[in-house]
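J.: Protein chains in written order, with this note's numbering: chain B, 1300 to 1433; chain F, 4 to 129; chain G, 964 to 1071. Ideal Cβ positions, reconstructed from N, Cα and C, are used throughout, including at glycine. Below is the structure I would like to discuss, written out as structure tokens.
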Amino acid sequence: MQTLTFAFMDPPFENERTVTFFRLLDAALDQKCNVKVFAYEGAAALSFALQRGHGNSVHGRNEKEESHPLTKDWIAALMTKAKQNQLQFEWVNCGLCVDERGVNEAIPGCGRGSPADLWRYAMASDNSLVIGTR
Amino acid sequence: MKLLQVVEQAFRTLVEEQDDTILWLSQSIQKAGAEMKILLSGNCAYYAILKRRQPALKIAGWSQEQPSDIRQDLDRLQASGVGVYVTRSDLADRGLIGLPLHPGVRIISQLEVAELYEEADMVWQW
Amino acid sequence: MKNFFIVQSQDPFTDVRAAHQFELARTLASRGNKVKVMLVQNAVLSARLDARAGPLFQLLDNRISLYADEFSLALREITPSELLTFVVPAGLDLVINAMQDGDKVIWN
């Protein structure tokens, strides 16, 4: 079983890169890979536990109907999928990035670390992909 | 494992983060044992010719105390054995050919860029 | 010979840098490396038949395999028959397979 490391930088909601990134993580699990993620800069907010959906008067939908995507739910779903398939899924947020953005409450299972963890992950993996921001 | 760090998003974080966050991360992982080279790509070619510490930002009475200093970042990286490169074409496109380069930064050709990509075990393009 | 897999999200209509990136892909291929490029997000727009995506034609090289992400195409309602013939629709599993195979995988 192989292990792949990903580093990502974008926050939720600002860029299509975020969607492609999560699709890659899902594809990695589909290919039976263990996954390690280092969330840097804006990506530290992807796992923020206090993300909330909302209704949308322009769409004419209430909060439940709108069913707004939240990246914290995607992370939780990936963790569940990994567990169901006996795969590892590790997520660490850059701690300084968390602090300056005030997103200290992450969903369970997401850790706090530093770039040294990115290097440690990469050295413990078969390959790595870094997705920078623009 | 040889790493090539390609840094391209120039000036994006220099004010708010008081450094270039990829040069900062590079210093961090270098201390963790990474063997790397750095390619200052695209607009980051400007980092190779900066002569001063960044000016301090002032907003409504708030004044920055610790503006970034790219020259120090490049010095620290090079002192740790990290090679720093910039391409002739990126300098030329931006009218920077002939300006004094930060000590130790090497100008390379596009063919030499391809060599850097080939010889690295990992290419992290930020 | 090294294997490179480039995930290309920057498109030549918006990002001037895309042309440089395609040039590097071509240089790597000309030096005997195996190069695959997968267009994702708005980069797939340049693969549409009749698009004026001149820089993309740098990748028209039999040493380079060119793919377009199926989901990105579906979002933009580009069907396979509307793509340039040398571009193959594919899923992101191609990226994961490249990582598993030890390719140097690079995001543009």
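Please tell me whether I32(F) and Q57(F) are closer than 9 Å, where the distance is taken between their beta carbons.
T.: For the purposes of this step, residue 32(F) is identified with residue 29 of the second sequence, where counting begins at 1. For the purposes of this step, residue 57(F) is identified with residue 54 of the second sequence, where counting begins at 1. Cβ atoms of I32(F) and Q57(F): not closer than 9 Å.
J.: With a cut-off of 9 Å, does the C-beta of Q971(G) fall near any C-beta of chain B?
T.: By one-based count along the third sequence, residue 971(G) stands at place 8. Not an interface residue.
J.: State the start and end residues of the unbroken alpha helix (DSSP H) segment that holds F1020(G).
T.: Looking up residue 1020(G) in the third sequence gives position 57. Neither: F1020(G) is in no alpha helix (DSSP H) and is coded neither H nor E.
J.: Can you give me, in chain order, the residues of the stretch 1006 to 1036 of chain G that have a beta carbon less than 9 Å from any beta carbon in chain B?
T.: Going along the stretch 1006 to 1036 of chain G in chain order, one finds D1032, F1034 and S1035 with a Cβ nearer than 9 Å to chain B.
J.: Would G1408(B) pass as a contact of W1390(B) if the rule is Cβ separation under 9 Å?
T.: The residue you call residue 1408(B) lines up with position 109 of the first sequence. The residue you call residue 1390(B) lines up with position 91 of the first sequence. A contact, by the Cβ cut-off of 9 Å.
J.: Taking L1324(B) and F1305(B) to be in contact with their CB atoms under 8 Å, please state how far apart those CB atoms are, rounded to whole angstroms.
T.: Translated into positions along the first sequence, residue 1324(B) becomes position 25. Translated into positions along the first sequence, residue 1305(B) becomes position 6. Contact holds; Cβ gap of about 7 Å.
J.: With DSSP as the reference, identify every bridge partner of L1029(G), one or two as the case may be.
T.: Counting from 1 along the third sequence, the entry for residue 1029(G) is found at position 66. Note: L1029(G) sits in a beta bridge opposite V1000(G) and V1050(G).
J.: Helix, strand or coil: which one does DSSP assign to N1071(G)?
T.: Within the third sequence, residue 1071(G) is the residue found at index 108, counting from 1. Three-state result, N1071(G): coil.
J.: Expressed to the nearest angstrom, what Euclidean distance is found between the alpha-carbon atoms of P106(F) and L80(F)?
T.: Numbered from 1 along the second sequence, position 103 holds the residue referred to as residue 106(F). Numbered from 1 along the second sequence, position 77 holds the residue referred to as residue 80(F). Cα to Cα, the separation comes out at about 12 Å.
J.: From this set, G1341(B), S1427(B) and V1318(B), which residue's C-alpha is nearest V1334(B)'s C-alpha?
T.: In the first sequence, counting from the first residue as 1, residue 1334(B) sits at position 35. Of the candidates G1341(B), S1427(B) and V1318(B), the one whose C-alpha sits nearest the C-alpha of V1334(B) is S1427(B).
J.: Would N1426(B) count as contacting chain G if we go by Cβ distances under 9 Å?
T.: Reading the first sequence from its first residue, position 127 is the one you call residue 1426(B). Yes - at least one Cβ of chain G is within 9 Å of the one on N1426(B).
J.: Taking C-beta pairs closer than 9 Å, name the residues in chain F that R994(G) reaches, listed in chain order.
T.: Along the third sequence, one-based indexing puts residue 994(G) at 31. Within 9 Å Cβ-Cβ: L114, A117, E118 and E121.
J.: Does DSSP put N1426(B) in a helix, a strand or coil?
T.: As a working note, residue 1426(B) is residue 127 in the first sequence. The answer is strand: DSSP assigns N1426(B) an E or B state.
J.: So who's on the other strand from K61(F), going by DSSP bridges?
T.: On the second sequence, residue 61(F) is found 58 positions in, with the first residue counted as 1. According to DSSP, which records beta bridges pairwise, K61(F) is partnered with S66(F).
J.: In whole angstroms, what is the alpha-carbon distance linking K1363(B) and G1354(B)?
T.: For this step, residue 1363(B) is matched to residue 64 along the first sequence. For this step, residue 1354(B) is matched to residue 55 along the first sequence. If you take the alpha carbons of K1363(B) and G1354(B), they lie about 7 Å apart.
J.: When you compare only the Cα positions, how much space is there between G1394(B) and D1372(B)?
T.: Residue 1394(B) sits at position 95 when you count from the first residue of the first sequence. Residue 1372(B) sits at position 73 when you count from the first residue of the first sequence. Between G1394(B) and D1372(B), the C-alpha separation is close to 21 Å.
J.: Beta-carbon of Q1330(B) versus every beta-carbon of chain G: anything under 9 Å?
T.: The sequence position of residue 1330(B) within the first sequence is 31, counting from 1. By this cut-off, Q1330(B) is an interface position.
J.: Could you work out which residues of chain G lie near R1322(B), taking near to mean beta carbons separated by less than 8 Å?
T.: Here residue 1322(B) refers to the residue found at position 23 when the first sequence is read from its first residue. The contacting residues are F1034 and L1055.
J.: Under a CB-based cut-off of 9 Å, is E68(F) close to chain B?
T.: As a first step, residue 68(F) must be located in the second sequence, where it is residue number 65. Output row for E68(F): interface = no.
J.: Report the rounded CA-to-CA distance for V1007(G) versus W65(F), giving the unit in angstroms.
T.: As a first step, residue 1007(G) is located in the third sequence; it is residue number 44 there, counting from the start. As a first step, residue 65(F) is located in the second sequence; it is residue number 62 there, counting from the start. The alpha-carbon atoms of V1007(G) and W65(F) are separated by roughly 45 Å.
J.: How do the stretch 1046 to 1060 of chain G and the stretch 999 to 1006 of chain G stand: do at least 3 beta-carbon pairs fall below 8 Å, yes or no?
T.: The stretch 1046 to 1060 of chain G is in contact with the stretch 999 to 1006 of chain G.
J.: When the distance is taken between beta carbons, is D1425(B) closer than 9 Å to Q1301(B)?
T.: Taking the first sequence and counting its residues from 1, one reaches residue 1301(B) at position 2. Taking the first sequence and counting its residues from 1, one reaches residue 1425(B) at position 126. It is a contact, given that the beta carbons lie within the stated cut-off.
J.: Give the single residue among A982(G), A988(G), Q971(G) and K997(G) whose Cα lies nearest to the Cα of A117(F).
T.: Against the second sequence, residue 117(F) aligns to sequence position 114. When only C-alpha atoms are compared, the closest one is A988(G).
J.: In three-state DSSP terms, what is Q971(G)?
T.: Locating residue 971(G) in the third sequence gives position 8, where the first residue counts as 1. In the structure shown, Q971(G) sits in a strand (DSSP, three-state: E or B).
J.: With which residues is W27(F) paired in a DSSP beta bridge?
T.: Reading the second sequence from its first residue, position 24 is the one you call residue 27(F). Per DSSP, none; premise fails for W27(F).
J.: Can you tell which of L1012(G), P1018(G), R994(G) and D1013(G) has the C-alpha that lies nearest to the C-alpha of Q971(G)?
T.: Start at 1 with the first residue of the third sequence, and residue 971(G) comes out as number 8. Among L1012(G), P1018(G), R994(G) and D1013(G), the Cα nearest to that of Q971(G) is on P1018(G).
J.: Against chain B, with Cβ distances strictly below 9 Å, would I73(F) count as a contact?
T.: As a working note, residue 73(F) is residue 70 in the second sequence. Judged by the 9 Å Cβ criterion, I73(F) is not in contact with chain B.
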